[in-house]
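So the sequence lines, in the order shown, correspond to chains S and U. Mind the numbering: the first sequence is residues 14 to 404 in my numbering, read in order. Mind the numbering: the second sequence is residues 184 to 400 in my numbering, read in order. Don't be surprised by glycine CBs; every beta carbon is placed ideally from N, CA and C. For clarity, every value in this text was computed on a predicted model and none was experimentally measured. Notes to accompany the following structure.
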Amino acid sequence: MNSLRKKIDRIKPHFEEGGRFSKLRSVFEGLETFLFVPDKVTVRGSHIRDSIDLKRTMTVVIIALIPAFLFGAYNVGLQHYRSIGIEGSVVQLFWFGFLKILPLVIVSYGVGLGIEFIAAQIRGHEINEGFLVSGLLIPLVMPIDVPLWMVAVSTAFAVIIGKEVFGGTGMNIFNPALMARAFLFFSYPGWMTGDKVWVEGLTKGQNVIDGFSGATPLGMLAIGETGNMPSFMEMFLGTIPGSIGETSTVAILIGALILIVTGIGSWKIIVSVFGGGLAMGLLLNAVAVNSYMELPAYYHFVMGGFAFGAVFMATDPVSGTQTETGKWIYGFLIGVLSVLLRVLNPAYPEGVMLAILMMNMFAPLIDHFVIQANINRRLKRLKVATNNIKK
Amino acid sequence: MSNTEKEPLFSPKNIKLLTAPLGRNNPITVQVLGICSALAVTVKLKPALVMALSVTIVTAVSNLVIALMRRSIPERIRIIVQLVVIATMVILVDQFLKAFAFDVSKQLSVFVGLIITNCIIMGRLEAFAMANKPWPSFLDGLGNGAGYGIILVIVAFFRELFGSGTFMGYPVMQKLGIYSVGYENNGMMILPPMALIVVGLIIWFQRSRDHALIEKK
Numbered sequence: 014m015n016s017l018r019k020k021i022d023r024i025k026p027h028f029e030e031g032g033r034f035s036k037l038r039s040v041f042e043g044l045e046t047f048l049f050v051p052d053k054v055t056v057r058g059s060h061i062r063d064s065i066d067l068k069r070t071m072t073v074v075i076i077a078l079i080p081a082f083l084f085g086a087y088n089v090g091l092q093h094y095r096s097i098g099i100e101g102s103v104v105q106l107f108w109f110g111f112l113k114i115l116p117l118v119i120v121s122y123g124v125g126l127g128i129e130f131i132a133a134q135i136r137g138h139e140i141n142e143g144f145l146v147s148g149l150l151i152p153l154v155m156p157i158d159v160p161l162w163m164v165a166v167s168t169a170f171a172v173i174i175g176k177e178v179f180g181g182t183g184m185n186i187f188n189p190a191l192m193a194r195a196f197l198f199f200s201y202p203g204w205m206t207g208d209k210v211w212v213e214g215l216t217k218g219q220n221v222i223d224g225f226s227g228a229t230p231l232g233m234l235a236i237g238e239t240g241n242m243p244s245f246m247e248m249f250l251g252t253i254p255g256s257i258g259e260t261s262t263v264a265i266l267i268g269a270l271i272l273i274v275t276g277i278g279s280w281k282i283i284v285s286v287f288g289g290g291l292a293m294g295l296l297l298n299a300v301a302v303n304s305y306m307e308l309p310a311y312y313h314f315v316m317g318g319f320a321f322g323a324v325f326m327a328t329d330p331v332s333g334t335q336t337e338t339g340k341w342i343y344g345f346l347i348g349v350l351s352v353l354l355r356v357l358n359p360a361y362p363e364g365v366m367l368a369i370l371m372m373n374m375f376a377p378l379i380d381h382f383v384i385q386a387n388i389n390r391r392l393k394r395l396k397v398a399t400n401n402i403k404k
Numbered sequence: 184m185s186n187t188e189k190e191p192l193f194s195p196k197n198i199k200l201l202t203a204p205l206g207r208n209n210p211i212t213v214q215v216l217g218i219c220s221a222l223a224v225t226v227k228l229k230p231a232l233v234m235a236l237s238v239t240i241v242t243a244v245s246n247l248v249i250a251l252m253r254r255s256i257p258e259r260i261r262i263i264v265q266l267v268v269i270a271t272m273v274i275l276v277d278q279f280l281k282a283f284a285f286d287v288s289k290q291l292s293v294f295v296g297l298i299i300t301n302c303i304i305m306g307r308l309e310a311f312a313m314a315n316k317p318w319p320s321f322l323d324g325l326g327n328g329a330g331y332g333i334i335l336v337i338v339a340f341f342r343e344l345f346g347s348g349t350f351m352g353y354p355v356m357q358k359l360g361i362y363s364v365g366y367e368n369n370g371m372m373i374l375p376p377m378a379l380i381v382v383g384l385i386i387w388f389q390r391s392r393d394h395a396l397i398e399k400k
């Protein structure tokens with residue numbers, strides 16, 4: 014490690030003001046701090062000092078995503094082998110899926126980081142680590158069969174229009190990964206809906222065995238064909254067609270545990286999203302007029318991207334609410350809207366993405382009212398106190 | 184007055200009336216007026232061109248008429264008078280389109296009629312024609328109509344090219360043969376929100392070129 018440090022120190026002057034490569038300074042700094050903890054600390058004022066920084070936060074989220082990623086790779090293989098009716102060992106399935114996901118991950122990181130690097134050079138900013146998580150989230154919320162150039166276009170759109178326009182990492186209104194998915198959903202709906210795209214090979218016209226359906230549970234429910242529905246346990250484990258990382262509730266819950274224990278993700282948001290979904294589900298059960306509305310409320314937790322959205326998307330500290338009370342309101346409304354969109358709007362089989370994007374928009378408003386309510390409460394207290402003194 | 188020389192028709196001042204709305208004083212990208220129709224009629228290039236032309240004619244002629252009448256319009260009912268003039272012009276344009284360009288008129292549907300409510304026209308009448316001579320007013324109307332039109336055409340060009348893969352109905356993308364290598368039209372380009380994003384990108388581009396447009400903090 015020491016020799017590496019020395020090497021970096023030797024080439025460092027070239028990148029500083031007036032050096033040969035001073036234009037590439039932010040690239041250099043980005044790579045340097047990636048390898049070594051930066052030695053810059055705040056010097057003035059009283060600060061609570063902690064070794065946690067943006068890079069470490071992002072790393073924890075990446076670690077939390079690993080279970081979902083690994084299971085996603087396994088499931089891609091599983092669905093593919095199932096569709097052609099061949100048995101395969103776990104390693105075989107995993108390896109097949111891993112090789113299929115890898116190009117998506119590479120494209121997402123390549124395009125996203127490329128744009129971030131260029132933007133940082135133009136603006137003279139430091140390179141932010143913000144894209145490290147988005148870059149992994151984007152492939153995980155895509156169907157496996159989506160063409161790579163579409164992933165590239167959606168990623169570029171999400172990073173430029175969703176993030177850089179607002180001022181880069183930390184300034185975005187919407188979650189970048191969801192922006193990418195929403196862009197794909199509205200731009201190329203054929204690749205985001207239906208019963209073909211969720212299983213590798215179906216869109217290329219590959220033969221499937223009789224009785225195999227590539228439809229997701231939500232897709233089946235939306236058109237009212239519930240004969241082929243997988244069991245609750247299957248959906249909980251995640252051996253169903255769906256976006257790459259979203260199918261397994263178990264893997265996502267492991268990730269949620271990591272986020273909550275390390276304090277990176279807000280447990281309040283996660284719990285309240287599930288609470289909101291349950292409340293809306295129960296309400297729909299109570300007034301049910303069709304079989305979808307009669308579906309037990311807890312089924313919504315294991316179908317589609319509900320759990321994934323609640324754990325990894327809604328808890329995004331930038332686009333979510335900041336106040337503690339606000340987090341409860343924000344999460345609850347995401348849950349309510351997700352189930353509402355799913356059940357009552359046949360045009361959108363999956364409502365989680367739109368629900369989170371919509372609540373992203375309202376997060377600053379919720380925060381504003383929470384803060385105002387606090388100010389008013391304290392003003393009232395002050396008034397009572399001053400009145401008492403006067404007496 | 185008598186000894187001052189008569190101002191030439193295309194004096195630098197008058198030329199500026201014509202060109203300023205195309206750039207630094209654009210009604211859409213700088214004043215942010217007339218956005219609704221910019222979203223509604225820019226899916227295809229042809230209706231956008233017709234719309235741009237219609238608005239230019241209505242703005243220019245209404246400006247001219249109001250400038251001619253500006254001394255005799257009672258202050259308190261001026262908005263009503265302005266509206267009557269605009270509405271007359273819009274009906275003329277609408278009837279003309281129905282007679283000679285029925286297809287486009289169908290595509291534009293209510294948006295021709297809604298030119299009456301276009302903020303740009305009312306704005307120009309109030310801000311310029313009520314206080315200026317007929318000739319400068321006419322030029323101002325032409326300039327603002329063209330400034331509106333040019334943005335409409337740019338937005339429509341991109342939306343038609345990427346949304347439908349055509350240019351004025353000619354299948355460009357198909358002729359290029361990129362569908363066979365997996366290219367697909369972007370469905371979001373056809374939806375109104377994308378028009379807003381494209382207008383936003385134009386504003387971004389314009390401001391990055393012309394720093395005088397950026398507000399001081």
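> In the DSSP assignment, what residue or residues form a beta bridge with F109(S)?
Replying inline: Answer is none; F109(S) lacks a bridge partner.
> Applying a beta-carbon distance threshold of less than 9 Å, which residues of chain S neighbour L335(U)?
Replying inline: Within chain S, no residue comes near L335(U); the closest Cβ sits about 21 Å away, beyond 9 Å.
> Under a Cβ-count criterion, where at least 16 other Cβ atoms within 10 Å of its own Cβ denotes burial, should V103(S) be classed as buried or exposed?
Replying inline: exposed
>> Tell me the rounded alpha-carbon separation between F7(S) and G370(U).
In response: Outside the displayed span of chain S (14 to 404) sits residue 7(S), for which this structure offers no information.
> Looking only at DSSP bridge pairs, what is F350(U) linked to?
Replying inline: Y353(U)
>> Determine whether the beta carbon atoms of I271(S) and T70(S) lie at a separation below 9 Å.
In response: no
> Taking the runs of the beta strand (DSSP E) that are 3 residues or longer, which of them lie wholly in the stretch 299–382 of chain U?
Replying inline: none
>> Could you compute how far the alpha carbon of V210(S) sits from the alpha carbon of L228(U)?
In response: 33 Å
> With a CB to CB cut of under 6 Å and the five nearest residues on each side skipped, what residues in its chain are close to I386(U)?
Replying inline: T212
> In terms of residues, what are the limits of the alpha helix (DSSP H) holding D158(S)?
Replying inline: Run containing D158(S): none; DSSP gives neither H nor E here.
>> Just to confirm the assignment, what range does the alpha helix (DSSP H) spanning D286(U) have?
In response: F285 to L291
>> When you compare the CB of M234(U) with every CB in chain S, is at least one pair closer than 9 Å?
In response: no
>> If the criterion is Cβ atoms closer than 9 Å, does the pair A86(S) and I273(S) meet it?
In response: no
>> DSSP three-state label for V331(S), please.
In response: coil
> Between T216(S) and the rest of its own chain, which residues show a CB-CB distance below 7 Å, the 5 nearest in sequence each way excluded?
Replying inline: D158, K209 and V210
> For chain U, is any of its Cβ atoms less than 9 Å away from the one on I174(S)?
Replying inline: yes
> Name the chain S residues that come within less than 8 Å of L374(U), Cβ to Cβ?
Replying inline: F199
> Which value, in whole angstroms, describes the spacing of the CA atoms of K316(U) and V273(U)?
Replying inline: 23 Å
>> So, under 8 Å CB-CB, G318(S) and V365(S) are touching, yes? Tell me the CB distance rounded to an integer number of Å.
In response: 5 Å
> Assuming A171(S) contacts M326(S) under a Cβ cut-off of 8 Å, what Cβ separation, rounded to an integer in Å, is found between them?
Replying inline: 13 Å between Cβ atoms; not a contact.
> How big is the Cα-Cα spacing for P421(U) and I186(S)?
Replying inline: No statement about residue 421(U) is possible, as the shown extent of chain U runs from 184 to 400 and does not include it.
>> Since I304(U) and T242(U) should fall inside the 8 Å C-beta cutoff, what is the C-beta to C-beta distance between them, to a whole number of angstroms?
In response: 5 Å
> For M252(U), which option in F388(U), E190(U), N301(U) and L308(U) has the closest C-alpha, if you only look at C-alpha atoms?
Replying inline: L308(U)
>> I need the DSSP call for M184(U), collapsed to helix, strand or coil.
In response: Confidence at M184(U) is low in this model, with a pLDDT of 41, below 50, so its placement is unreliable and the value that follows should be read with caution. In the structure shown, M184(U) sits in coil (DSSP, three-state: anything other than H, G, I, E or B).
>> For a quick check, are the C-beta atoms of V268(U) and I249(U) less than 9 Å apart?
In response: yes
>> Just verifying my parser: in three-state terms, what is the DSSP assignment at N411(S)?
In response: This structure cannot settle anything about residue 411(S), because the visible part of chain S is limited to 14 through 404.
> Whose C-beta lies closer than 7 Å to the C-beta of V331(S) among residues of the same chain, with five residues either side of it excluded?
Replying inline: G183 and N185
> The alpha helix (DSSP H) with F314(S) in it runs from where to where?
Replying inline: Y312 to V315
>> Give me, in chain order, the residues of the same chain whose beta-carbon lies closer than 6 Å to that of T336(S); leave out the 5 immediate sequence neighbours on both sides.
In response: D380 and V383
> Should Y362(U) go down as buried or exposed, given a rule of 16 or more other Cβ atoms within 10 Å for buried?
Replying inline: exposed
>> What residue range does the alpha helix (DSSP H) around Q385(S) cover?
In response: V365 to K403
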